[in-house]
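Beneath this line is the structure, given in structure tokens, with notes to follow.
In the UniProt record's numbering, the protein residues as written are 1 to 363.
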């Protein structure tokens, strides 16, 4: 199947009929919108455009007026129809796939926030293969930022660069910079252990150590040389409470952590990360291996941690990103497409590429 076939339905049989019915339904719902202005249908004698040869032509056109609820616009400010937006997004995504440069759309609300983490023209290669392309974005302090995008687009690679987890992989090369509180994480004088303490990470699959719940939580303190039992107990309780796990395990702290459920293990890993008193908490698909009940608990926890901690969550689940995050960034093939307040990204994206992804037309 070609790229276009994955993005625009093929003009044949029932697929065309289904697409026509869907668009007619959309037009009917738009007719009652006060921000929609009817315009004359296209002249039937006019020559068909290239867009008309690849998708079903609408029986009438609509002109969308700017509003908080619905805007489709190109970079030059031209208002686009549903069909035009779809095809323009497909064209530019194909250009990205060919390796052509792409200018990210970053909303001004992001730039107005104080940033704890600054990613500045950052690129990464695994050997000869480039994975990240000139990414620039600031992570607002005390907020939850979600990074979404199709599988393999570089989401996890990007956050693993923040605490230099990619140093553990051979033949990795980077350009650009990542700064934590204004200091480059790649500075030769920086202690990598301290970077990983300040930017704690929780992985996709829960990975508790084969030791007691208590020892799991206080492990970051132990490796710093802290041995005071009372202090360790206080910090264990503090972190387990912060991870919404204390009430479930307070009477079983000497139990092997591997005996906990998957959701409890993941919250234990969050508690362990919090024991290092991080400035940034990096969550790499933290709920993908969990059931819905455990997922809800993790999502509630993320919202509770916001404010005291800066949280960056990588997720393929767009509903989850919409529920838990303040800001959302869309990555595609290693490029930052659009980055802005989560309500805007999901309800009023500025780029057709973003609209196509969040509405499920590709990915």
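Don't be surprised by glycine CBs; every beta carbon is placed ideally from N, CA and C. All of these numbers come straight from a predicted model, not from anything done at the bench.
Three-state secondary structure assigned by DSSP to residue i
{"i": "residue 312", "result": "strand"}
{"i": "residue 118", "result": "strand"}
{"i": "residue 317", "result": "coil"}
{"i": "residue 243", "result": "coil"}
{"i": "residue 254", "result": "coil"}
{"i": "residue 306", "result": "strand"}
{"i": "residue 278", "result": "coil"}
{"i": "residue 216", "result": "helix"}
{"i": "residue 371", "result": "No information on residue 371 is available, as it lies outside the stretch 1 to 363 that the chain covers here."}
{"i": "residue 291", "result": "coil"}
{"i": "residue 139", "result": "strand"}
{"i": "residue 12", "result": "Per-residue confidence for residue 12 stands at a pLDDT of 44, beneath the threshold of 50, marking its modelled position as unreliable; the derived number appears in the next sentence. If DSSP states are grouped into helix, strand and coil, residue 12 belongs with coil."}
{"i": "residue 113", "result": "coil"}
{"i": "residue 106", "result": "strand"}
Any chain B beta carbon closer than 8 Å to residue i
{"i": "residue 165", "result": "Given the protein chain composition of this structure (a single chain), no chain B is represented."}
Short Cβ contact (8 Å threshold) for residue i with residue j
{"i": "residue 371", "j": "residue 265", "result": "Since the first residue shown for the chain is 1 and the last is 363, residue 371 is missing from the structure and cannot be characterised."}
{"i": "residue 210", "j": "residue 268", "result": "no"}
{"i": "residue 306", "j": "residue 271", "result": "no"}
{"i": "residue 315", "j": "residue 148", "result": "yes"}
{"i": "residue 117", "j": "residue 139", "result": "yes"}
{"i": "residue 171", "j": "residue 126", "result": "yes"}
{"i": "residue 312", "j": "residue 159", "result": "yes"}
{"i": "residue 384", "j": "residue 278", "result": "Because residue 384 is not part of the residues shown, which for the chain are 1 to 363, the question remains open."}
{"i": "residue 189", "j": "residue 157", "result": "no"}
{"i": "residue 106", "j": "residue 137", "result": "yes"}
{"i": "residue 104", "j": "residue 336", "result": "yes"}
{"i": "residue 200", "j": "residue 276", "result": "yes"}
{"i": "residue 325", "j": "residue 146", "result": "yes"}
{"i": "residue 334", "j": "residue 154", "result": "yes"}
Cβ neighbour criterion (16 or more within 10 Å) applied to residue i
{"i": "residue 185", "result": "buried"}
{"i": "residue 281", "result": "buried"}
{"i": "residue 353", "result": "buried"}
{"i": "residue 320", "result": "buried"}
{"i": "residue 310", "result": "buried"}
{"i": "residue 286", "result": "buried"}
{"i": "residue 99", "result": "exposed"}
| field | Every unbroken beta strand (DSSP E) inside the stretch 147-201 [3 residues or more] | value | 172-180
Three or more C-beta pairs under 8 Å: does that hold for the stretch 96-116 against the stretch 318-336? yes
*asked:* Does the stretch 245-259 come into contact with the stretch 279-292, if we say contact requires no fewer than three beta-carbon pairs (one atom in each stretch) closer than 8 Å?
replied: no
Is the number of C-beta pairs between the stretch 231-240 and the stretch 177-189 that are closer than 8 Å three or more? no
Quiz item: What residue ranges within the stretch 312-362 form continuous beta strand (DSSP E) runs of no fewer than 3 residues, ordered along the chain?
Solution: 327-332, 335-341
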